[in-house]
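Taking numbering that gives the first Met the number 0, I'd label the letters of the sequence shown as residues 0 to 172.
We treat Cβ as the ideally placed atom computed from N, Cα and C, and that holds for glycine.
Working notes for the structure below.
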Amino acid sequence: MTSIPTVRPSFFERFPRQILGLIALVCVGMLAFGLYLQHVVGLEPCPMCIVQRYALIVVALVAGISAFLRSRTALWSGVGVMAGFAVFGAGVAARQSWLQWYPPEIMSCGRDFFGMIESFPLRRAIPMIFRGSGDCSVIDWTFLGLSIANWSFLSFGAIALVAGALWIKRAPA
0 MTSIPTVRPS FFERFPRQIL GLIALVCVGM LAFGLYLQHV VGLEPCPMCI VQRYALIVVA
60 LVAGISAFLR SRTALWSGVG VMAGFAVFGA GVAARQSWLQ WYPPEIMSCG RDFFGMIESF
120 PLRRAIPMIF RGSGDCSVID WTFLGLSIAN WSFLSFGAIA LVAGALWIKR APA
């Protein structure tokens, strides 16, 4: 007698909530490292860096919440929202990488911190400070030859690919 081979579910089908939890933890780690670079190393984030941080915060929150909700609809909706924000973050990081590789002759993404405090009233300066003051085309830090924007693009791209794999391999309802 021949037996019918059984198809084992893939890793993405068996552990979607654990994968989402891991993505949330990785995002929190990346945010912590960004804050370390800003407050300990002294690198000033540019406006594009701040937008990428917001996208990373949303990805972390959506992945974390989706991992804990018991509703399948919430789980797969969260995967879709997470993928959308990961693609958005990758797009911003790609644009910043482009600016770093081909810097325009006259471009600055923001003003310096002290210039804002001296030039504007406090109610206008605080939002400007929160938006970031570094130049988006300047490469201040590299690891293995890649800038922060390059690593951000790779990270967002990986998150989007994992979200796509989760979506494709999702277990039937």
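Each of Asn149, Ala89, Ala66 was checked against the Cα of Phe14, and the nearest Cα belongs to Ala66.
8 Å or more divides the Cβ of Ala157 from the Cβ of Val86. Ile167 counts as exposed, since fewer than 16 other beta carbons sit within 10 angstroms of its beta carbon. Annotated as distal: Met29 and Leu68, with beta-carbon spacing of 8 Å or more. Val78 counts as buried, since no fewer than 16 other beta carbons sit within 10 angstroms of its beta carbon.
Residue environment: Phe32 is assigned as exposed (fewer than 16 neighbouring CB atoms within 10 Å of its CB, all protein chains considered). Membership of Cys48 in the alpha helix (DSSP H) is indicated by the continuous run 46 to 67. Using a Cβ distance threshold of 8 Å, Ala23 and Ala82 do not count as a contacting pair. In this model, Leu74 and Pro103 are separated by some 43 Å (Cα to Cα).
When Gln51, Ala62, Gly144 are compared, the shortest CA-CA separation from Arg16 is found for Ala62. Rounded to the nearest whole angstrom, the CA to CA distance from Tyr53 to Leu36 is 16 Å. Looking only at Leu143, Val27, Asp139, the smallest Cα-Cα distance to Gln99 is reached by Asp139. In its chain, beyond the 5 residues on either side, Ala54, Val57, Val58, Val61 have a beta carbon closer than 8 Å to the beta carbon of Phe84.
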